[in-house]
Every structure is written in structure tokens, then in C-alpha cells.
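K.L.:
Heads up: the sequence lines are chains P and B, in that order. Per the numbering used here, residue 1 is the first one in the first sequence, and the count goes up by one each step. Per the numbering used here, residue 1001 is the first one in the second sequence, and the count goes up by one each step. Let me begin by handing over the structure; questions about it come next.
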Amino acid sequence: MKIRKLPKDKLDFFASVVQQFGEVHAPVEQDGKYVFKRLSRWSEARLDYPRTILPPKKYFFPPRETLFQFREGEGYLPCTEGLDKRAILFGVHACDIYALNILDQVFSGKYDDPYYQARRKNVAIIGIDCWPDEHCFCRSMRADFVDHGFDLFLGELGDHYLTFVGTALGDDMVLATGPLFQDVSPEDIDEYKRRSSSKRQGFKLDIEIRDLPEIFEMEYRSEIWDELGDKCLSCGSCSMVCPTCYCYDVVDDTQLGSREGRRNRSWDSCLFATHALVAGGENFRKSRASRIKYRFYHKQRGFVAEYGRPSCVGCGRCISVCPVKIDITEVINKLRGVQNAPCR
Amino acid sequence: MTSEAEKILIVDDDRDFVEALSAFLEAHNYVVLKAHDGREGLKVAKMQRPDLIIMDIIMNERTEGFFTVQEIRRTVELKTVPIFILSSLYSKVTDFGIPPNSSWLAHDEFLPKPVNMPDLLEKVQRRMEEHHRNPETPVGRKAET
């Protein structure tokens, strides 16, 4: 991997030049929170953000979209508008890039999702280093570092960014900015390693995930699930902000007497009472306890069986939005029979 | 001045410069629209549809003009409007020059400050003629990505 360094005081010039590769979107402050949004000037970008409300997933798998229209006599008409729009997501954290790599596995391979894949192809990712806050546990989930899934990654190096070039497009971006990028010295590498080590010490939350599937197998009938069911409101906030939740609902939108319509999909949540409701009125997960238990089992147990790792990346969004303060790290540690402890 | 007079939008935070350039262009029968930052410039451009835009780069912030140019190019109704960049950036930041033929900036002309007024006028007149001969001619080297 090619590694260069970029002076921080030239980042605005770099962002200006990379606009030729697509619209620049970055985290922007909004009512005290952060959202990924298109920039109209560089000063709007807040690269030292803790986390955005919605993850970058929204660019590839939007909360609502029309898949196709259907019209009598014309058949199915795919809605491809905007799929080829080029954009750059500037300032994506490692855990969110890791989450996109997980979604890539879901939306390609066994079942290809052309909508997701087209957007993934046309949106470039520029990652950036971050510092953990009280809700981050990406280190525990092994998602505090990524080695692919980005075009460029800006690592923290004091006055500079140590820039990892991940793709040919990333290399084009570096080349387009001419003399802005500089060669890396052995001292820079040492400094980067020192800072990485210091970041590892900054995590306040820690969970052990190596034997989680076994723990989940053993605790299937634990009373913890009923306690959680009593507490959980089934609001679905945790699913809505999760960077790897991918459940969606598909609904045909037609009107009485009409000879045309649209097939729309929108995000769904396994916590919603209707998620497991099927024809005939049968609901496989009627109780809140069964639904929250399902969510934990799918992310931490089922996904491991299917893809070899949990789908949780430890971004901390679910902890920060839950209205009744359900904390995934507390639940896992409780299942293990240990208390939340400071990171080692 | 007739209603057909061509409109030029000047976007520059240096108000004295805007006034001086306005007087010069008005003396040559152009209608001048003025804005003093990128956002105001974009707003005026959308409302007034100028025939040409003269854009500064360093305004409220160092790269404001770059972002405004891209915003203009991504606005459907302004996609083909000629944009002239007038900036001292080339001489100020030694490791980030903008050569006049920069392939990454969707501009039509780059003119360094301080500006040579007769040279600017000649380029404006030539560009207006070209644009009127064929208004759909794509402008800017990277008008759409």
C-alpha cells in the first residue's frame, strides 16, 4: 500500500481538488449532533466528530427508495436515477468503513443488490482517524482498523495526515493535487505507531468477543432476555442508526383503479412488532423480549455462523440513541457474568 | 442601456475591487450583479442567470471559490455559464499553485490578481461572443463528474 503524508493546513485545498471526482460530503454539525451532508464550503466539515446520527450506509442503502415502477403494457421500469452520481464521503471512521465491508458481503455474492452495488461503485471513501469516546467499543469488535474498503485513509500524525492509498482512484486523487502530498520518513512511521498505541489506551469500553457464539448458545434461556424485553420500547432506534442493520420492507404503492404503481423499499427493524408477522396473522416474535433477543442473536451469533464474524462494529450508536439506556456492552458482559470494565 | 445588455456577476469579498471592476464593466455597457461571498453569489446566479461570472477564490475562507464553482456547475440552469477565476492564490501559496490550465477546476479562464483590465475586457467580450454563437457549448473542463 502506498503511504504519503498531507499537511493538515492544506486539507482544504485537497478537498477542493478532489471535487473533480464527485460531490464532497462530510460530517456537518446539526443541532449539536453530526450528519453526513454535502458541503457547500469547506468550513462546514467537522472532521473531529465522535459519530454521525446515521452511518454512511445511508448513501448506499437509503432509508427509502423506489426500486421500480410498473405500468400496464410497459411492464417493469427500473428506477436507476441517481445511481451513477459520483460522490466522495470525506472523513469516514474506520468502524463505519468496516461496516460497509460487512454490508458488501450481504448485498453481493449470494444475492446481488444492483442498487447498492451501483452506489458503492460511484461513491469514493476517504477515511479518517478518530479518538474513542465513552460509547466506542470498536477495538473490542476488531473494527478500529481497516486495511481495505477506502480509497484514501487519513491517519493521525500531528501536523500531518499519514495517508494510506487504498485504490487506483485514491492514487488519482493524490496525483491530482500535485505537490500537496509528501514522502513519509521513518520518523513519521514511528510517530504514527506511537499515536496508534496511545489511541488503543483511550478506549473506555471493552468486551471479549472470541467465544461469544458459545456464550450465546449457553445463555439462550437466560432471564436476561426477559429483563431486556421489559425494558426495551421496541422503538427500533438502535436498528435505524446501526451501520450494519440491513433489514428492509418492500411495499407496492398503487391506487385503486390505477394501472400503474411503484415498488418501494424502506428500512425495517427486527424490533418492530410486525417484523415477523406473516400471512394468516401468525407472528413468530410477538413479545418484545423475543424481538430484542433475536436482534442480539442475529448480530452476535447468526452472523458469525454465516460470515465468520459478528456484524456489530462497536460504533456505539445504539448505546448513544437508546431511550431506555440499553447498552450492548453491558448486556454482553452480563451474559458473561462480568461487570463493564475499563479497557485493558 | 437596453434590456438585452449582458449581465456579469462579480463574486468577490473585496468590496472596493468589486466597485472598481463594476464601474469599468458598466462603462462598457454590461449590467453588473454583485455578491460578496460564495453563498450570496450562488443565490444571485440562480435568481438572475448572469451571462458570465467573475469569481474570486479566497473569500470568507481560503477555498470558498473552489466550492462555489463546483456548486454552480452542478446547478442545472448554470451548468454552461462561463466562469472566470480572478485570484491571487497562485502567487500566495507556493506549494499550491493553480496553473491557468488546471484540469480539476471547472472554469473557463484564470486571471491572476492584480488584474489587467484591458486583458479581462477582451477575454470577456470574446467569451460572450462565443457563448452567444453557441450557448450549449460545454464550458469548464470538468463541468460534470
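Glycine included, every Cβ here is placed at the ideal spot set by N, Cα and C.
(1) For P/D12, return the contacting residues in chain B, with the cut-off set at a CB-CB distance below 8 Å.
(2) Does P/Q19 get closer than 8 Å to chain B when you measure Cβ to Cβ?
(3) Could you run through the segment 35-58 of chain P and flag, in chain order, every residue whose CB is less than 8 Å away from some CB of chain B?
(4) Does DSSP put P/Q331 in a helix, in a strand, or in coil?
(5) Just confirm the distance between the C-beta atoms of P/I125 and P/F21, as a whole number of angstroms; I'd bet it's less than 8 Å.
(6) Run down chain P in chain order and give the residues with a C-beta less than 7 Å from the C-beta of B/R1127.
(7) Chain P partners of B/Q1070, CB-CB under 7 Å?
(8) Could one say the Cβ of B/G1140 lies closer than 8 Å to chain P's Cβ atoms, at least one of them?
(9) Expressed to the nearest angstrom, what Euclidean distance is found between the alpha-carbon atoms of B/T1068 and P/F13?
(10) At the 8 Å Cβ level, is P/S16 part of the contact set with chain B, yes or no?
(11) Give me the chain P residues within the contact set of B/G1038, using Cβ-Cβ distance strictly less than 8 Å, ordered along the chain.
(12) Taking P/A26 as part of the alpha helix (DSSP H), name the residues at either end of that continuous run.
(13) Report the residues of the segment 1005-1018 of chain B with a CB closer than 8 Å to any CB of chain P, ordered along the chain.
(14) At a Cβ cut of 8 Å, what residues of the segment 1071-1083 of chain B count as close to chain P, listed as they run along the chain?
(15) Taking 8 Å as the threshold (beta carbon to beta carbon), is B/F1067 in contact with chain P?
(16) Locate the alpha helix (DSSP H) running through P/G170, then write down its first and last residues.
(17) Assess, as a yes-or-no matter, whether the segment 223-230 of chain P is touched by the segment 40-48 of chain P under the definition of 3 or more beta carbon pairs within less than 8 Å.
(18) Give me, in chain order, the residues of the same chain whose beta-carbon lies closer than 6 Å to that of P/N101; leave out the 5 immediate sequence neighbours on both sides.
(19) My output table needs one value for B/V1011: the three-state DSSP class, helix, strand or coil.
(20) Please report the residue range of the beta strand (DSSP E) in which P/N264 lies.
(21) Compare the beta carbon distance of B/R1127 and B/P1082 with 8 Å and say whether it is the shorter of the two.
(22) Please classify P/D96: is it buried, with 16 or more other beta-carbons within 10 angstroms of its beta-carbon, or exposed?
(23) For the segment 72-90 of chain P against the segment 114-134 of chain P, do three or more pairs of beta-carbon atoms, one drawn from each stretch, fall closer than 8 Å, so that the two count as touching?
(24) Please state if the CB of P/L67 and the CB of P/Y115 are separated by a distance shorter than 8 Å.
(25) Tell me, which residues are paired with B/A1035 by DSSP?
(26) Alpha carbon to alpha carbon, how far is P/A289 from P/L205?
(27) State yes or no: is the beta carbon of P/E23 nearer than 8 Å to at least one beta carbon in chain B?
(28) Just to check my reading of the structure: P/F164 and P/I3 have Cβ atoms closer than 8 Å, yes? What is that Cβ distance to the nearest angstrom?
(29) Measure the C-alpha to C-alpha separation of P/D84 and P/A118 and round it to an integer number of angstroms.
(30) Contact check, P/D151 vs P/T177 under 8 Å by CB: the rounded distance?
(31) Enumerated in chain order, which unbroken segments of the alpha helix (DSSP H) with a length of 4 residues or greater are wholly contained in the segment 1039-1064 of chain B?
(32) From P/R51, P/G281, P/R309 and P/A276, pick the residue whose C-alpha is nearest to that of P/P213; which is it?
(33) Report all residues from its chain with a CB closer than 7 Å to the CB of P/M141; omit the five preceding and five following residues, and keep chain order.
(34) In the structure shown, what three-state DSSP assignment does P/A279 receive?
(35) Between which two residues does the alpha helix (DSSP H) carrying P/Y307 extend?
P.N.:
On the basis of the data shown:
(1) Close partners of P/D12 in chain B (Cβ separation under 8 Å): E1061, R1062 and T1063.
(2) Among the CB atoms of chain B, one or more fall inside 8 Å of the CB of P/Q19.
(3) Cβ contacts with chain B come from L39, S40, R41, W42 and S43.
(4) Correcting the residue type first, residue 331 of chain P is Val in the shown sequence and not Gln. Three-state result, P/V331: helix.
(5) Not a contact, Cβ separation roughly 12 Å.
(6) Correct list: empty, because the minimum Cβ distance to chain P is about 22 Å.
(7) By Cβ distance, chain P contributes Q19.
(8) Any reading at B/G1140 is ruled out, since the residue's pLDDT is 49, under 50, leaving its predicted position unreliable.
(9) If I take the Cα positions, the gap works out to 14 Å.
(10) With 8 Å as the cut-off, P/S16 counts as an interface residue toward chain B.
(11) Close partners of B/G1038 in chain P (Cβ separation under 8 Å): S40 and R41.
(12) Here P/A26 belongs to no alpha helix (DSSP H); instead the beta strand (DSSP E) covers E23 to Q30.
(13) Residues passing the 8 Å Cβ filter: none.
(14) If the cut-off is 8 Å between Cβ atoms, the segment 1071-1083 of chain B has E1071 and R1074 near chain P.
(15) Any Cβ of chain P closer than 8 Å to the Cβ of B/F1067 would place that residue at the interface, and such an atom is present.
(16) Where P/G170 is concerned, the enclosing alpha helix (DSSP H) starts and stops at A168 to A176.
(17) No: the two stretches stay apart, fewer than three of their Cβ pairs being nearer than 8 Å.
(18) These residues qualify, in order along the chain: G149.
(19) The three-state reading of DSSP puts B/V1011 in strand, counting E and B together.
(20) From DSSP, the beta strand (DSSP E) with P/N264 extends over E260 to W267.
(21) It is a contact, given that the beta carbons lie within the stated cut-off.
(22) Here P/D96 is buried, its C-beta having at least 16 other C-beta atoms within 10 Å.
(23) At 8 Å Cβ cutoff, the stretches touch.
(24) Yes, these two residues count as a Cβ contact at 8 Å.
(25) Partner(s): B/V1011.
(26) Cα to Cα, P/A289 sits roughly 25 Å from P/L205.
(27) Contact with chain B is found for P/E23, since one of that chain's Cβ atoms lies less than 8 Å from the residue's Cβ.
(28) Rounded, the Cβ-Cβ distance is 6 Å, consistent with contact.
(29) Answer to the nearest angstrom: the Cα atoms are 7 Å apart.
(30) No, P/D151 and P/T177 are not in contact; Cβ-Cβ is about 13 Å, not under 8 Å.
(31) With a minimum length of 4 residues, no continuous alpha helix (DSSP H) run stays inside the segment 1039-1064 of chain B.
(32) Of the candidates P/R51, P/G281, P/R309 and P/A276, the one whose C-alpha sits nearest the C-alpha of P/P213 is P/R309.
(33) I209, P310, C312, V313 and G314.
(34) In the three-state DSSP reduction, P/A279 falls in the coil class, being neither helix nor strand.
(35) Going by DSSP, P/Y307 is part of the alpha helix (DSSP H) stretching over F303 to Y307.
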